[in-house]
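Visitor: Pasting a structure here, questions to come.
Next up, the structure:
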């Protein structure tokens, strides 16, 4: 039973991450985009706001060393979710002619999100239209504020667990 207790958090994390990735590839994103701009922008804004709020909540839990919480698990999964929200937005935007060059598939959307997040910028996918550029700027700002705070809190949490300062795991 001890092995399961140790492995269970990792199995849970892997399963939830797999669900997020699978959902990205199977959700009907073709219903979003240029044909339904109000719905598309509303869904994008609501998802980002929810994920940002949940990330900030988890960061607060780390900073206050709130007992009985598992912010490590939540932060990692929320970071994965935020990457997929931006990837879905890019994929939906790419259906509008002139918004992107080089972005045609969901994998392209995910790739562009990660390349932008990592500030690599290979140049093979380029935001050309104003909406694509706005979402890219939003992603960069979101990364600076929310994902940086989340990554810092996550590393602080891991450091605390390794040094034995917190009672929780993950």
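Residue numbers (the UniProt record's numbering): 1 to 170. Heads up, the beta-carbon is just placed ideally off N, CA and C, and yes, glycines get one too.
By Cβ distance, which residues of its chain are closer than 7 Å to residue 34, with the 5 residues on each side in sequence left out?
Guide: Here the set comprises 95 and 96.
Visitor: By DSSP, does residue 8 sit in helix, in strand, or in coil?
Guide: helix
Visitor: Out of 44, 163, 57 and 83, which has the shortest C-alpha to C-alpha gap to residue 109?
Guide: 83
Visitor: Is the beta carbon of residue 58 closer than 8 Å to that of residue 71?
Guide: yes
Visitor: For a quick check, are the C-beta atoms of residue 39 and residue 32 less than 8 Å apart?
Guide: yes
Visitor: May I ask you to list the residues that DSSP assigns as paired with residue 33?
Guide: 36
Visitor: My output table needs one value for residue 28: the three-state DSSP class, helix, strand or coil.
Guide: coil
Visitor: What is the rounded straight-line gap between the Cα of residue 126 and the Cα of residue 61?
Guide: 38 Å
Visitor: Which of the three DSSP states, helix, strand or coil, is assigned to residue 67?
Guide: coil
Visitor: Taking Cβ to Cβ, would you say residue 81 is nearer than 8 Å to residue 20?
Guide: Yes. Within cutoff.
Visitor: Please report the distance separating the alpha-carbon of residue 116 from that of residue 65.
Guide: 32 Å
Visitor: Can you tell which of 24, 149, 15 and 162 has the C-alpha that lies nearest to the C-alpha of residue 56?
Guide: 149
Visitor: Can you give me the C-alpha to C-alpha distance between residue 164 and residue 151, rounded to a whole angstrom?
Guide: 20 Å
Visitor: Under the rule that 16 or more other beta-carbon atoms within 10 Å means buried, what is residue 162, buried or exposed?
Guide: exposed
Visitor: Just to confirm the assignment: which complete alpha helix (DSSP H) runs, minimum length 4, are found wholly within the UniProt domain "Potassium channel" (79 to 158)?
Guide: 106 to 117 and 130 to 142
Visitor: Tell me whether the beta-carbon of residue 98 lies closer than 8 Å to the beta-carbon of residue 128.
Guide: yes
Visitor: So for residue 164, helix, strand or coil by DSSP?
Guide: In the three-state reduction of the DSSP assignment, residue 164 falls in the coil class.
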